[in-house]
Structure formats: structure tokens, C-alpha cells
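A.B. asks: Residue numbers (the numbering used here): 173 to 700.
The beta-carbon is built from N, C-alpha and C at its ideal position, and this holds for glycine as well.
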């Protein structure tokens, strides 16, 4: 990013050093031995900053430490000041570099690398704890000061580094992920529109506020239980949003524990922080798995949507081919009509009037059959306004009438002019297939079609309901003729259901003594 701004190399290093020095200094003001937020910033920078800037990070950390060493050197001794001025980031260079080379996508694929990252947290926390203990050992204590046991101090430092990393590093990695995607401006709108996020916030904030108040008011076992119970809202947030929810919940819960701290070196607070760090590690591992499942589910939905789009494009391409074939049949019909008229004109002197009428009748029937075949192959649904006419008096109505099936149609369109180009064709094709299924498999002699089109939000939907009534005991319908006139493929119920799913809908079949009913609900993704 600095290179993109055209900054010289030395200016980049100076900017990194000064920026880290200022951030480290600010975080150190709110840190204690068992709550060291600057450890989270330190590990985050080591994970994301290129190796060439690591010396600048060491210089940046040395600046506030040297200032502290000079200020407190006369009090604790200059030997202590020299050790204190050594940046603890230095011994962690080789550790973090090994982890980065072993798992190079740790910062970018944080959810997939949660286990090695937690191992890295333990190792660097141990190294930094050793640095703190070296400084502690060099400190000249007053004669009346009771030095705590070394293992107690080491435990505080280790827990402090772990808590600081668990509270800050995942949040910073999530912020980096958002920044790389360039969605900072869209983040507030996403949070407002995300009902799960609002629900989680509504659960997390009040519950943690109550537990914090309970811990402040009760400096006893009840207060300690309240501190340790703060992981429960974090668990809820983890189940909702994966490792990102765990990161947010851990940061807020850790802050609440510090707010409820009765005094700086409080043993119950250290115990609560130890418990929070342990549960946070477990929740981050659980959250990474949940995030992976969410990502897999999202990818499956995208793949399903892409498959549906490919299926719709394939259907549209097939319709265009059928339309070309229907136009070719109509051209042939016109040519045959002209040829037949020409032949009859040439040979009318040789034919009797009855023969002429017979030939003309045969020619008209041939032309009608060609027209029926062309209409069945590709109905002329060029616009949404053509759908009511086609369903009411088109090839479907004529084919059923020729087969001796009574047909009625009722259409209600609440949003005229908003249907996409594919939905009318899909409705017509499904109406033909469903009618053929009812007539051939259920021997229905009366078909009633009802179509409702509406709008919910930005999604156009269409409900197609086809009733088959007055079933006869003996089949009277010639299924081959009806299928040919409708241009149908003879789909069964499972194929019809799959065809409806291509348009984001579903199919329901219901039978009764009076007949059968097929109901289909389709949605139009291209409309609105």
C-alpha cells in the first residue's frame, strides 16, 4: 500500500516504525501484567507485515521502551533499564517466520489455519513471558516490598499475552479482511440488514452488561461466577457467526472482565481471564469450523444458482431452436399452399368438381396440421401480453379440444409488464406437460387452468394450478396425438418437479375421488 502511494523506501520504514511506536505506546497505557493488548497488535503486524519491515517494527517498539527505561532507570537500576529497552519482538521473529513459512496463508485464510495460529499464540506468549521474567528478575525492589513467587508472576504475564492476542489479533485480521474486500462503506448497511447480527448484538450487549454489573457489585464467589459466565454470550455469538462472532465476543467479554476488576493485581480477575482465554481458544476453533461450514453452504448455494442459470440458458437456447424449426415449418406450409393452388389451377380442367373439393379439403387439412405442429413446437409468446391469449385460445386449447377434453382458463396478473422473457414460456410449457399428464395418466376429460401472477418484495412469482376432473373409467384420449399437437415431451411428475425447480419453484400433486390437481409455484429471477 505504501509503494502504491509512491513513498521512498526509507520513508516507508520510518512511517512503519513511528506508527507502531505510537500504537504500542497508547495500548501500553491501558495494559497490565494479565491484560496486554499490545501483544495482539504485535502478533498481527508480524503476521501481515512483509519481512523487510520487521527491523522497522523492532525500532518502533524500542522507542517507547527506551523512553520507559530512561525514565525509570534511576528507580529500578540501569541494568534493568538496559534489559527493559530490548524489544520483546526480537525473539519472536524466528518463531513467527517459521509459522508463516509453514502456513503461508495464515493471515489470509485465518479460518482454515486456526489450530496452527493458536499454537503460534502459545509459543510467542511463552517467549514474551520469558522476556518479561528476565526484566522482572533484573528489577531492584524496595526493601519493604514483598516479591511474589516467580511462577505467579510468570502465570500473569503468560495469561496477559494470551488474552491480549485473543482479544485483538482476530479483530484486526477481520478488519484487514474487510479492508481487502473494499466493503467498509457497505459494512453498516450489512449489519443493519442482517437480522442475525442484530439478534446477536441484542443478546450479547445486555447480558454482558448485566454480568459486569453483577461482578462489580459482588466481590465474592458470585462475582467470580459472573466473570466466568461471560463466555456464554460469546458462545452464542460464535454459533451465529463463526470465528468472527468469537472474535467480537472475546474482545467485549475481556473488556468487561477488566471493567469489573476490583484492583489491578486481583487474583479472581486473573483466574477469570485464564478461563476466558481457554474458552475463547476453544470457541475460536469451533467458530472456524462453523465458518467453514457456512462458507461451504454459501458456495453450494452459489453453485446451485449457477446451475439453475445454466439450465435456464439451455432451455432458452432450446426454445430458440424450436422457434427456428417452427418458422421453417410455416415457410414449408406457405410453399405447399402456393404449390397446391398452382397444381389445382393447372389440373382443374381434368378434375371433376367433387374431386377438386376433395383435393382442396385435403390440402387445407395438411396446412392445418402443419400449423398445429408449428404452433405446438414454438408458441408465439414474444411478450408477456401474449401469454393469456396463448393459454386461452392457443395450441393448448386447440389440442385439448381436438382430443375431446373440455378446457377452461382463468388468469389474474397483478403486475402486468414486469415478467421476464423466460417465465411466460416456462408457464406455457409446464401447463402443456401437466395437462398431458392429467389426461393420459388420470384420464381427465376436463382441464381447468388457473394462473396467478404477483410480486413479493422484488421477486415476481407465478402460481399455476391445473385441475383434472370428470375422469372416465376407460381411456378415450389418444396420448400420442395429444403429445404431438402440444409439442410436449411427456414428462412424469418427478420431471415436472425438477423443471419447476429450475425456476426457483416447486410442485405439489394432490389427488381426490373427483380428480387430480397439480400446483406449481415459479419465481422469476430476471424480473423486477
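Around the C-beta of residue 680, are 16 or more other C-beta atoms found within 10 angstroms, so that it is buried, or is it exposed?
C.D. replies: Per the 10 Å Cβ criterion, exposed.
A.B. asks: Taking Cβ to Cβ, would you say residue 609 is nearer than 8 Å to residue 665?
C.D. replies: Contact: yes.
A.B. asks: What does DSSP give as the partner residue(s) for residue 633 in the beta ladder?
C.D. replies: Beta-bridge pairing links residue 633 to 626, 695.
A.B. asks: Terminal residues of the continuous beta strand (DSSP E) containing residue 422?
C.D. replies: Note, residue 422: premise wrong, no beta strand (DSSP E); alpha helix (DSSP H) at 403–431.
A.B. asks: So what does DSSP say about residue 221, is it helix, strand or coil?
C.D. replies: Residue state, collapsed to three classes: coil.
A.B. asks: I'd like the list of long-range same chain contacts for residue 607, defined as Cβ closer than 7 Å, with 5 residues on each side in sequence excluded.
C.D. replies: Closer than 7 Å at Cβ, skipping near neighbours: 568, 572, 619, 638.
A.B. asks: Straight-line CA distance for residue 221 to residue 270?
C.D. replies: Taking the straight line joining both Cα atoms gives about 15 Å.
A.B. asks: For residue 671, name the three-state secondary structure that DSSP assigns.
C.D. replies: Note: residue 671 maps to helix in three-state DSSP.
A.B. asks: Is the region 241–251 in contact with the region 281–294, if contact means three or more CB pairs nearer than 8 Å?
C.D. replies: No, because fewer than three Cβ pairs between the region 241–251 and the region 281–294 fall closer than 8 Å, the two stretches do not touch.
A.B. asks: What do you get for residue 515, buried or exposed, if any count of 16 or more other CB atoms within 10 angstroms of its CB means buried?
C.D. replies: That one is exposed.
A.B. asks: Is it the case that the Cβ atoms of residue 414 and residue 462 are separated by a distance below 8 Å?
C.D. replies: A contact, by the Cβ cut-off of 8 Å.
A.B. asks: What would DSSP say about residue 688, mapped onto helix, strand or coil?
C.D. replies: Looking at residue 688 - three-state DSSP - the assignment turns out to be strand.
A.B. asks: In three-state terms, what does DSSP make of residue 277?
C.D. replies: It is coil, neither helix nor strand.
A.B. asks: What does DSSP give as the partner residue(s) for residue 581 in the beta ladder?
C.D. replies: DSSP lists 621 as partners of residue 581.
A.B. asks: Which residues bound the alpha helix (DSSP H) around residue 311?
C.D. replies: No alpha helix (DSSP H) contains residue 311, which DSSP labels as neither H nor E.
A.B. asks: Would residue 289 be called buried (16 or more neighbouring beta carbons within 10 Å of its own) or exposed?
C.D. replies: Burial call: buried.
A.B. asks: Taking all protein chains shown into account, decide if residue 597 is buried (16 or more other Cβ within 10 angstroms of its Cβ) or exposed.
C.D. replies: Burial call: buried.
A.B. asks: Could you check where the alpha helix (DSSP H) with residue 242 kicks off and where it finishes?
C.D. replies: Residue 242 -> alpha helix (DSSP H) spans 226–248.
A.B. asks: Grouping DSSP H, G and I as helix and E and B as strand, with all else coil, what is residue 377?
C.D. replies: If DSSP states are grouped into helix, strand and coil, residue 377 belongs with the helices.
A.B. asks: Is it buried or exposed, residue 690, if we count other Cβ atoms within 10 angstroms and call 16 or more buried?
C.D. replies: So residue 690 counts as buried.
A.B. asks: Taking its Cβ as the centre, do 16 or more other Cβ atoms sit within 10 Å of residue 264, making it buried, or is it exposed?
C.D. replies: Buried, since its Cβ has 16 or more Cβ neighbours within 10 Å.
A.B. asks: Report all residues from its chain with a CB closer than 6 Å to the CB of residue 188; omit the five preceding and five following residues, and keep chain order.
C.D. replies: Taken in chain order, the residues that qualify are 225, 228.
A.B. asks: Return the CA-CA distance between residue 484 and residue 672, expressed in angstroms with no decimal places.
C.D. replies: Their Cα atoms are separated by approximately 11 Å.
A.B. asks: With 16 as the cutoff for other CB atoms within 10 Å, does residue 561 come out buried or exposed?
C.D. replies: Its Cβ having fewer than 16 others within 10 Å, residue 561 is exposed.
A.B. asks: Would the C-beta of residue 193 count as close to the ligand NAD, meaning under 7 Å from any of its heavy atoms?
C.D. replies: Ligands displayed in this structure: none; no statement on the ligand NAD is therefore possible.
A.B. asks: For residue 602, count the other beta carbons within 10 Å of its own beta carbon; 16 or more makes it buried, fewer makes it exposed. Which is it?
C.D. replies: Answer is buried; the Cβ neighbour count reaches 16.
A.B. asks: Does the count of Cβ pairs from the region 437–449 and the region 398–417 closer than 8 Å reach three?
C.D. replies: With the cut-off at 8 Å, the region 437–449 and the region 398–417 touch.
A.B. asks: What residue does the alpha helix (DSSP H) around residue 330 start on, and which one ends it?
C.D. replies: Per DSSP, residue 330 belongs to the alpha helix (DSSP H) from 322–353.
A.B. asks: Pick helix, strand or coil for residue 545, following the three-state DSSP scheme.
C.D. replies: Three-state result, residue 545: helix.
A.B. asks: Could you please give the first and the last residue of the uninterrupted alpha helix (DSSP H) stretch that includes residue 596?
C.D. replies: Taken as a continuous stretch (DSSP letters only), the alpha helix (DSSP H) holding residue 596 covers 594–613.
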